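A short worksheet on the structure shown next.
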Amino acid sequence: MTQAIASREERVADAVVHSIGVVLALLGVPVLITLTAAIDGSGPVIAGVAVYGAGLLAMLATSALYHLVPASPLGREVLRRCDHAVIYLKIAATQTPFAILVGGNDAWWMMAVLWTTALLGATGKALFPRRMGRLAVPLYLVLGWMGMALIWPGTDGSAISTATFVLTLVGGGVYSLGVAFYLMDRLRFNIAIWHGFVLVASFVFYSAVLVEISVRAASGMV
Numbered sequence: 145m146t147q148a149i150a151s152r153e154e155r156v157a158d159a160v161v162h163s164i165g166v167v168l169a170l171l172g173v174p175v176l177i178t179l180t181a182a183i184d185g186s187g188p189v190i191a192g193v194a195v196y197g198a199g200l201l202a203m204l205a206t207s208a209l210y211h212l213v214p215a216s217p218l219g220r221e222v223l224r225r226c227d228h229a230v231i232y233l234k235i236a237a238t239q240t241p242f243a244i245l246v247g248g249n250d251a252w253w254m255m256a257v258l259w260t261t262a263l264l265g266a267t268g269k270a271l272f273p274r275r276m277g278r279l280a281v282p283l284y285l286v287l288g289w290m291g292m293a294l295i296w297p298g299t300d301g302s303a304i305s306t307a308t309f310v311l312t313l314v315g316g317g318v319y320s321l322g323v324a325f326y327l328m329d330r331l332r333f334n335i336a337i338w339h340g341f342v343l344v345a346s347f348v349f350y351s352a353v354l355v356e357i358s359v360r361a362a363s364g365m366v
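Here the sequence shown is numbered in the working numbering, starting from 145 and rising by one per residue.
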């Protein structure tokens with residue numbers, strides 16, 4: 145998700161973090177989809193959760209390839225662009241199941257805005273990385289927090305549970321705090337630390353999806 149790791153120790157630390165993330169995602173995504181099918185059974189909801197899972201796996205796998213797999217200078221540049229571009233898609237994918245669960249015109253319009261912005265951001269980062277420059281990180285944050293409009297109290301669909309709302313706030317906060325370490329180029333292990341924050345935040349959002357589906361099933365909303 146950023147520059148090459150400077151030292152062997154940092155590479156090892158980042159490899160450990162990535163390995164944990166990829167393994168957990170490979171195990172967790174099928175479980176989440178299976179549980180969603182068992183608890184909810186709605187085709188659109190299952191599809192939304194699958195989109196989220198695909199985005200999560202794509203982000204972790206692309207990041208692992210870029211940071212851990214030796215490649216030629218050209219290969220690394222291609223992987224770097226893909227790594228940075230996929231983040232936009234992961235952010236939009238994370239909001240997709242919530243949009244489907246909330247429903248209503250506001251949610252669908254917001255999803256259209258989020259996915260359009262994500263696709264434009266991903267395309268720009270992949271094809272014109274230098275032009276994106278310093279706009280990339282702020283756009284990640286703006287896109288992520290825009291998604292909160294989907295679940296903010298007052299959306300015209302059925303509001304999400306308080307537990308889910310709190311989890312999404314915590315997840316967004318963890319991501320945002322991690323960005324501070326991402327930007328600390330002179331701090332040793334800053335990239336491994338950043339990726340650690342990404343894993344924690346991803347787990348929080350994973351939990352939020354599962355909690356919301358479970359709460360709706362328990363309350364008879366499915």
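From the three backbone atoms N, C-alpha and C, an ideal C-beta is built for every residue, glycine too. Since this is a predicted model, take the numbers as computed values, not measurements.
### Task
Count the other CB atoms, across all protein chains shown, that sit within 10 Å of the CB of VAL175; report buried if there are 16 or more and exposed otherwise.
exposed
### Task
Please work out which residues of its chain come closer than 7 Å, Cβ to Cβ, to ALA372, disregarding the five sequence neighbours upstream and downstream, and give them in chain order.
Not covered by the structure: residue 372. The range shown for the chain is 145 to 366.
### Query
In chain order, what residues of the same chain lie with their CB nearer than 7 Å to the CB of LEU133, ignoring the 5 residues before and after it?
Coverage of the chain is limited to positions 145 through 366, which leaves residue 133 absent and any answer about it impossible.
### Query
In its own chain, which residues sit with a C-beta less than 7 Å from the C-beta of LEU311, not counting the 5 before and 5 after it?
VAL348, SER351, ALA352 and VAL355
### Message
Here's a check: name, in chain order, each residue in its chain whose Cβ is nearer than 7 Å to the Cβ of SER346, leaving out the five neighbours to either side.
### Response
LEU200
### Query
Under 7 Å between the Cβ atoms of LYS269 and ALA205?
no
### Query
Going by other Cβ atoms of all chains shown within 10 Å of its Cβ, with 16 needed for buried, is MET317 buried or exposed?
Sequence inspection shows Gly at residue 317; the Met mentioned does not correspond to that position. Label assigned to GLY317: exposed.
### ARG360 versus ALA198 - alpha carbon distance
23 Å
### Task
List in chain order: all unbroken alpha helix (DSSP H) runs of 4+ residues lying wholly within the region 210-293.
217-246, 249-271, 273-276 and 280-290
#### Entry: Status (buried if at least 16 other CB within 10 Å, exposed otherwise) for VAL167
exposed
### Message
Among the candidates ILE335, ALA362 and VAL342, whose CA atom is the shortest distance from the CA of SER151?
### Response
ILE335
### Query
Looking at the structure shown, is ARG332 part of a helix, part of a strand, or coil, going by DSSP?
coil
### Cβ neighbour criterion (16 or more within 10 Å) applied to SER363
exposed
### Query
So, using beta-carbon positions, are ALA262 and ALA236 closer together than 7 Å?
yes
### Message
For the alpha helix (DSSP H) containing ASP158, name the first residue and the last one.
### Response
152-183
#### Entry: Rounded separation between VAL246 and TRP253 - CA only
12 Å
### Task
Going by CA-CA distance only, name the one from LEU209, ILE295, MET328 and SER305 that's closest to THR240.
ILE295
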